[in-house]
Each structure stands twice: as C-alpha cells, then as structure tokens.
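Q: There's a structure below that I have some questions on.
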Amino acid sequence: MAKTNIFEATVEHFLAPIMPFMRDPSVAEIMVNGPSEIYIEKAGQLTKTDAKFSDEASLMAAVNNVLQYTGKRVTPEHPLIDSRLPDGSRVHVILYPLCRTSTCMTIRKFAKVMFDAEHLVELGTWTKQACEYLEMCVLAEKNILVAGGTSSGKTCLLNVLSGFLPHHQRIVVIEDSAELELQQDHVISLESRPADRWGRGEVGIRDLFRSSLRLRPDRIIIGECRGGEALDMVQAMTSGHAGSMSTLHANMALDALNRLETLAMMSKIDLPLHALRAQIASAIDVIIQMTRFTDGRRGLTQICEVLPLTDDGHYRLQDMFVYELKDDEAGRSGRGGLMWTGQKSIFRKEPKLRILRDRWSLTKKLFEDDRPADTVK
C-alpha cells in the first residue's frame, strides 16, 4: 500500500473529532487551541465548535500522526513545525509550553476546487480589466509581489496568476510547505526541510533558492518571502530571471517594499541602504495588495507599478487600480470594486509588452503608446 494510502487509512481515526470539518468544503480553516477548544473559519467568520479531543494525549497523537506524512516530528527542541496533509492542507503546530494553555494546531485546508480568473471575477475579487492587465504583466515577464495580511488570499491569487504562465516554460516553485498547485506541464516543486533532532540536515528557503538558479528556470515562484532569501530573490530578478512571483505579509503596497527591504537586511550582507533600495525598485515591477474585509470577503484593493526611486532615495508607486466604495447603501457597508485610475502603464513602450498588443482588449487604453502612429515601428 502506498504511503499516502496508509496515512489516509489512519488519519480519520486520529483526527476523528475534526473530520466533519475536514470534509466540509465551506470550512476554510480549523484551529485547535487545545483538546476542548476548537474553532473553525467559515465564510470568513470564526466560530467556536462543540468538537473536542478526549484529552491532551489524544491531541498529541493526532499531531504526531499528521506530522508523520512529511517525516517531521515536534519535540521540546523543535516546538514549532510546519507540515501538510496528503490533500495539500497546510498544518502548523506549536508545542506546549510555548503555547501557554496547550499544544496548538491550525489546519489551513486546501481548496478542493481551484479558482480561476473567471471565478475571481464572479466573486468580485477583481474585474475583467484588472485581470487582463495582470495577465499582460505575467506574459511580459514582470516581477510581481502579492502582498496582504494573514488569510487575505495571497496564495489563492498566486495560483490564479500562475495560470497565465506559458506551458512551454520551466517553472521552479519554492515553498516552506507545499501549497501551490500549478497546472503547467514543466514544474519543479521544492520544499524546505527543518533540522532533525540533532540539528542536522536543515535546508532553508534561501538554500533552495540558490540551488534553483542552477536548474535553468524560466520562472521562479517563491510561495512566501519571509527571510534573508529576499536579497537573493531581488538580485536574481535584476540579473536576468524576469517574470518571478512571490507573496509577502504587508498591509499596504508601500509597506511591502519597506518590509522586503527589512527582510533583505536579514541576509547579513553589508549593502548600502541606497544601493539596496535601488535594487528593490528595479527588481519589483508590480505589487498587488490583497485585503480581507471585516465581513470575511477577500479582494484586491490596489494594483500598482513600482517607479524609480525619488532623488532623495524613497520608493515611488503608481496606482493602476484602486478599490473604490459604491455610492449607495452597499458602499456604506464596505462594498465596492477595483477601478482603473486612468494612469498609463510605465511598461507600455517595452518590446515584451508591445508584442502582446493583439491581445489588448479591455486594457488598450492602459498600454497605448502616446507617440504618433508613424513613429511606432
């Protein structure tokens, strides 16, 4: 029997108290705060359930069973661990006493139905015009950073954006815990590994990123940028590896660049601040801001292009799409949509974008060159 089948045969026993939520497609996340305190997220709202594990021992048995699938184990020496289930659901465990009340386990469920661009239009996550704009950016090999808070839909959007990638390209995906499900034919998926109980064998995101540069990638996708690998990513983007994508925790687009700068400094490489900022401004082309609204909805609230630094060395952004509230009762309750700001794309004269002009439909005004027609070759 295959490893996955063996694991699936035991998981229902160990996770019995929460299996109804695992099977419920409307439940996005399961939060086990202790044997007798279990919450779920449904339609963007948190709800405390009546489900319980019989005691701390049964919860730990469930935790250890979950970690077995990826060959990981949680110990007093390594009390924080990321793992995943066979269906792709992401698991994070914090061992007592770091979690002061009990061992804590959170399961971010893997969506059984993969969203596509049209589905996001129907949900109101973005508009057809914004979708076409981002598709042109992906095809023109622009480096894209998806920013947002926790559970704002960053990974979901990255999955959708990856659907615009050409099938003939070689794509390397790097993640702490595999979540992305790319549909292309040529995908190499790399996953980091923590150290064993003796502190040996750790392979981090930064190690994998450096290795990926030797795999002849056409595109590199980092599931989440959270450490010193940010500098490696920036330097790769500015040295020939165009069309890369990643996500990052930030509440505003400008904050995303500042946070990327801070992460790059964690590499412990001595680089003048102005030089670092110039590299970041040159590396990142487009920032997409994801937001989770108070009613549980998730949507794009800002799409902007990164401009060269100001004369005094500060970041500059050009908003292409921003979220605007409706002028009615729905607007007063936070409803709105993503609207074009009227700005022309700074990429519109670049050859990689102009060869796509036959595909411009809703975004023609964004990419039209202002020069007279007889001067455009």
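Quick note: the sequence shown, position 47, residue 28 per our numbering, numbers continuous.
Yeah, the Cβ is synthetic: ideal placement off N, Cα and C, and Gly gets one too.
All values derive from a computational prediction rather than experimental measurement.
Where do the ends of the beta strand (DSSP E) carrying E37 lie?
A: E37 -> not in any beta strand (DSSP E); alpha helix (DSSP H) instead, spanning 37 to 49.
Q: Measuring alpha carbon to alpha carbon, tell me which of S170, P1, Q324, K333 ends up nearest I186.
A: Ranking S170, P1, Q324, K333 by Cα distance to I186 puts S170 first.
Q: Put K33 into one of helix, strand or coil per three-state DSSP.
A: If DSSP states are grouped into helix, strand and coil, K33 belongs with coil.
Q: Keeping to the same chain, check which residues put their C-beta closer than 8 Å to that of M117; ignore five residues upstream and five downstream.
A: Cβ neighbours of M117 beyond the five flanking positions: L334, L337, R340, W341, T344, F348.
Q: Kindly identify the DSSP beta-bridge partner or partners of C13.
A: The sequence shown places Val at residue 13, not Cys. Answer is I19, M86.
Q: Give the single residue among S192, A234, G134, E103 whose Cα lies nearest to the Cα of I265.
A: Residue A234 is the option with its Cα nearest to I265.
Q: Would you kindly report the start and end of the unbroken alpha helix (DSSP H) that includes V141?
A: Where V141 is concerned, the enclosing alpha helix (DSSP H) stretches over 135 to 143.
Q: With DSSP run on the structure shown, which of helix, strand or coil describes I125?
A: In this structure, I125 counts as strand in the three-state DSSP scheme.
Q: Could you check what DSSP says for H59 in three-state terms: helix, strand or coil?
A: Strand at H59.
Q: F(-5) and V13 - do their beta-carbons sit closer together than 9 Å?
A: The answer is no: Cβ separation not under 9 Å.
Q: When burial is assigned at 16 or more other CB atoms within 10 Å of the CB, is M320 buried or exposed?
A: M320 is exposed by the Cβ-count criterion.
Q: Distance, Cα to Cα, H230 vs N239?
A: If I take the Cα positions, the gap works out to 11 Å.
Q: Indicate whether the contact test is met: 3 or more Cβ pairs, each with one atom in the region 120 to 133 and one in the region 70 to 86, closer than 8 Å.
A: With the cut-off at 8 Å, the region 120 to 133 and the region 70 to 86 do not touch.
Q: List the residues that DSSP assigns as beta-bridge partners of Y304.
A: L319, per the DSSP bridge assignment.
Q: Rounded to the nearest angstrom, how far is the Cβ of T87 from that of E10, given a contact under 8 Å?
A: Confirmed, Cβ separation roughly 7 Å.
Q: Which runs of the alpha helix (DSSP H) spanning at least 4 residues fall entirely within the region 166 to 209, listed in chain order?
A: Taking only runs of at least 4 residues, the alpha helix (DSSP H) segments lying wholly in the region 166 to 209 are 186 to 193.
Q: As a quick exercise: from G317, G180, R329, E331, pick the residue whose alpha carbon is nearest that of W107.
A: When each option's Cα is compared against that of W107, the closest is G317.
Q: Below 9 Å between beta carbons: does that hold for S158 and R54?
A: Not closer than 9 Å, so no.
Q: Kindly identify the DSSP beta-bridge partner or partners of M0.
A: Bridge partners of M0: none, in fact.
Q: CB G69 to CB E162, shorter than 9 Å?
A: The answer is yes: Cβ separation under 9 Å.
Q: With 16 as the cutoff for other CB atoms within 10 Å, does A256 come out buried or exposed?
A: Counting Cβ neighbours within 10 Å, A256 comes out exposed, since fewer than 16 surround it.
Q: Bridge partners of R151, per DSSP?
A: According to DSSP, R151 bridges with nothing at all.
Q: Assuming E286 is part of the beta strand (DSSP E), what are its boundary residues?
A: Taken as a continuous stretch (DSSP letters only), the beta strand (DSSP E) holding E286 covers 279 to 288.
Q: Helix, strand or coil: how does DSSP classify Q26 here?
A: Strand, per DSSP.
Q: With DSSP run on the structure shown, which of helix, strand or coil describes S227?
A: Residue state, collapsed to three classes: strand.
Q: For the structure I just gave you, are there three or more beta carbon pairs, one from the region 208 to 227 and one from the region 126 to 146, closer than 8 Å?
A: Enough Cβ pairs lie closer than 8 Å, so yes.
Q: Does R329 come out as helix, strand or coil in the three-state DSSP assignment?
A: R329 falls in the coil class under three-state DSSP.
Q: Can you have a look at T56 and say buried or exposed, based on whether 16 or more other CB atoms are within 10 angstroms of its CB?
A: T56 should be labelled exposed.
Q: Looking only at its chain, what residues have a beta carbon closer than 7 Å to the beta carbon of R278, apart from the 5 residues adjacent to it on each side?
A: The residues are G25.
Q: By the three-class DSSP mapping on this structure, what secondary structure does R81 have?
A: In the structure shown, R81 sits in coil (DSSP, three-state: anything other than H, G, I, E or B).
Q: So, helix, strand or coil for T(-9), using DSSP?
A: The answer is helix: DSSP assigns T(-9) an H, G or I state.
Q: Which residue comes first and which comes last in the beta strand (DSSP E) that contains H73?
A: That run of the beta strand (DSSP E) goes 71 to 75.
Q: First and last residue of the beta strand (DSSP E) that includes Q270?
A: Taken as a continuous stretch (DSSP letters only), the beta strand (DSSP E) holding Q270 covers 267 to 273.
Q: Quick one: using the 10 Å Cβ neighbour count with 16 as the cut-off for buried, is D97 buried or exposed?
A: D97 should be labelled exposed.
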